[in-house]
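Residue 0 is where the sequence shown starts when you use numbering that gives the first Met the number 0, and the numbers rise one by one after that.
From the three backbone atoms N, C-alpha and C, an ideal C-beta is built for every residue, glycine too.
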Amino acid sequence: MIREGKLISVAILTVLLYALGIFLDASFFLIPFPLFDLIFFAVFVQFLFWNRNAIKGYIWVYFFAALLQVFCNTLFLGTVLSSPHLNQLDDFLIVDLLKLVSKLLLIATLIFWRFQRNLKFSFLIILAFSLFVMIGMTEDFFWISPLAPAIVAFQLWRSDQRNPFRYLWILQSIFDLFTIVMLQYAR
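Take a look at the structure:
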C-alpha cells in the first residue's frame, strides 16, 4: 500500500478509535463528524506536500473546495467567531453560499480532472456526481450525499490508478457516510 493509502487508513482508524473511546467512556457511540472537514483538510495538505511535483490545476480547485468546507465548518466557526458574531452570521446566507460554491468547485474539479488527465470516462459520471451533490444538499435527501464522492472514487480507481490524489475522494466518501450514519442515529 502506498503512503497515501496508509494515510487515508490512519485517518479513518483514528476517527473510529476516537468513537470507540467515547463509547467505552460514556456508553454512547459518537463519531466526531464536525472534525471531518478539518481532518480532510489536514490530509489534503499532507498529500500536497508529498506530491508537490505532480500538482495540476484541478488539484488547486479541489484544494479551494476543501478550504471552503473548512470555513463553513461549525467547529471552525465556533472557534474563530464570538457568540454575537455567530448570531450575526446566522442572519445572512454567507455560510450556505460558501457551501454551494464549495460544491460547485467539486463539480469543476471533476471536470478539470477529466480533461487535464485525459481520462475517458463518460460525462454521465460528471452528471451523476453533480446531481447527487445538488440533491444531497437538500434536507430531505441529505443521505444521498456519500454517493457522489463514491462514484468519483470508483471511476478514478478504474481510470486513474496512478494518481495518488484519487484517495482523497475515498476519504471524502467515507467521511460523508459516517456523517450520514451519525445524523440518522441522532434522529
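Taking only three categories from DSSP, how would you classify residue i?
{"i": "residue 133", "result": "helix"}
{"i": "residue 158", "result": "helix"}
{"i": "residue 55", "result": "coil"}
{"i": "residue 95", "result": "helix"}
{"i": "residue 119", "result": "coil"}
{"i": "residue 173", "result": "helix"}
{"i": "residue 33", "result": "helix"}
{"i": "residue 83", "result": "helix"}
{"i": "residue 106", "result": "helix"}
{"i": "residue 144", "result": "coil"}
{"i": "residue 128", "result": "helix"}
{"i": "residue 1", "result": "coil"}
{"i": "residue 89", "result": "helix"}
{"i": "residue 39", "result": "helix"}
Give the single residue among the options whose Cα lies nearest to the Cα of residue i.
{"i": "residue 115", "options": "60, 38, 173, 12", "result": "60"}
{"i": "residue 113", "options": "81, 142, 132, 151", "result": "151"}
{"i": "residue 182", "options": "75, 138, 69", "result": "138"}
{"i": "residue 58", "options": "117, 165, 35", "result": "165"}
{"i": "residue 172", "options": "154, 160, 145", "result": "145"}
{"i": "residue 184", "options": "7, 9, 31, 13", "result": "31"}
So, residue i versus residue j, is the Cβ gap smaller than 8 Å?
{"i": "residue 88", "j": "residue 79", "result": "no"}
{"i": "residue 125", "j": "residue 109", "result": "yes"}
{"i": "residue 39", "j": "residue 18", "result": "no"}
{"i": "residue 67", "j": "residue 42", "result": "no"}
{"i": "residue 163", "j": "residue 50", "result": "yes"}
{"i": "residue 86", "j": "residue 33", "result": "no"}
{"i": "residue 176", "j": "residue 168", "result": "no"}
{"i": "residue 75", "j": "residue 69", "result": "yes"}
{"i": "residue 179", "j": "residue 120", "result": "no"}
{"i": "residue 159", "j": "residue 118", "result": "yes"}
State yes or no: is the C-beta of residue i nearer than 7 Å to some heavy atom of the ligand COA?
{"i": "residue 144", "result": "Ligands in the displayed structure: none, and consequently the ligand COA is not present."}
Is the Cβ of residue i closer than 8 Å to any Cβ of chain C?
{"i": "residue 90", "result": "Checking the listed chains, one finds no chain C in this structure; it contains a single protein chain."}
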